[in-house]
Each structure stands twice: as structure tokens, then as C-alpha cells.
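Heads up: the structure comes next, in C-alpha cells.
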Amino acid sequence: MPFIVVNTNADVKVSEDMLNDFSNLAVEVLGKQKNYISVMINTKQKMLFGDSLQNIGALIEFKSIGFGDKCPILAEKLKNLAVNYFDAQGLFVGIEFVDMSAQNVSHDGKLMG
Numbered sequence: 020m021p022f023i024v025v026n027t028n029a030d031v032k033v034s035e036d037m038l039n040d041f042s043n044l045a046v047e048v049l050g051k052q053k054n055y056i057s058v059m060i061n062t063k064q065k066m067l068f069g070d071s072l073q074n075i076g077a078l079i080e081f082k083s084i085g086f087g088d089k090c091p092i093l094a095e096k097l098k099n100l101a102v103n104y105f106d107a108q109g110l111f112v113g114i115e116f117v118d119m120s121a122q123n124v125s126h127d128g129k130l131m132g
């Protein structure tokens, strides 16, 4: 049940390919089913990275039930997507991984655990 939320100050249009590439990370790296993954990308946000509004970056929140030892792989791949899609500077790509308890996550009105 991964939820991926990306906030960026990049002035880009969110495309279906972009959304799918972020979603496919959970499929490829975590083995999650595509129909359980949600992705939201917010562009053109007022954000300060370093000491300037001109620095392009992204703040990414990735929530899932279990990551195992995959966070380092996900971190690199998420950073690369932000660099490629938003022209973000790697230094300004922050990622938070949140391991959710299955008993606190619902899909289709049913708890996952």
C-alpha cells in the first residue's frame, strides 16, 4: 500500500509517464502490486532549498508497509527521478521513508493487517 508524495519547486507539467515511473519503483524494488500504489506530485511549490528560492529540489515522502533493506536503493532511484524529471540538484532532494503498520492502513475500506 505505498503512498508516494513529491513536492517540488520545479516548473514542470506532471505527466502520466512521470507518475508511472515513481509508481514503478514500488513495483520493481519492493514487489508491491501496482493497483495498491498511489502517487501524487505537486509542482511549482514555493520552497527554499539551501539559501535560495532559485535552487531546484524536491521533498519526497514514501510510505509503505515494510521496506526491508531497500531504502538505500529507493533513495538513489528516487533522487535520480527528481534530477531527471525536475532538473533538481541531488543535494536538494530530501526523502522520508515511513514504515506503516498494516493494522493502521486501509484499502477498499479494509485494513491491510
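Mapping of the sequence shown onto the numbering used here: residues 20 to 132, in sequence order. Backbone N, C-alpha and C define an ideal beta-carbon position, used for all residues, glycine too.
- Following the DSSP letters along the chain, one finds S42 in no beta strand (DSSP E) but inside the alpha helix (DSSP H) bounded by residues 35-49.
- Per DSSP, the continuous beta strand (DSSP E) segment holding I23 begins and ends at 22-27.
- A direct Cα-Cα distance of roughly 17 Å separates L100 from S57.
- Around the C-beta of V117, fewer than 16 other C-beta atoms lie within 10 Å, and the residue is accordingly described as exposed.
- In the DSSP annotation of this structure, the continuous segment of the alpha helix (DSSP H) that includes V102 starts and ends at 90-105.
- Under the DSSP assignment, F81 falls in the beta strand (DSSP E) whose first and last residues are 77-83.
- With contacts defined by Cβ atoms closer than 8 Å, G109 and K98 form a contacting pair.
- Residue state for G109 is assigned as helix, using DSSP reduced to three classes.
- Annotation for Q73: no residue places its beta carbon closer than 7 Å to its own, counting only its chain and skipping 5 residues before and after.
- Residues of the same chain with a CB within less than 6 Å of the CB of K63, apart from the 5 flanking positions on each side, are D30 in chain order.
- Looking at the DSSP output, V58 bridges to I23.
- A Cβ-Cβ distance of about 16 Å is found for the pair L93 and I60, leaving them out of contact under the 8 Å criterion.
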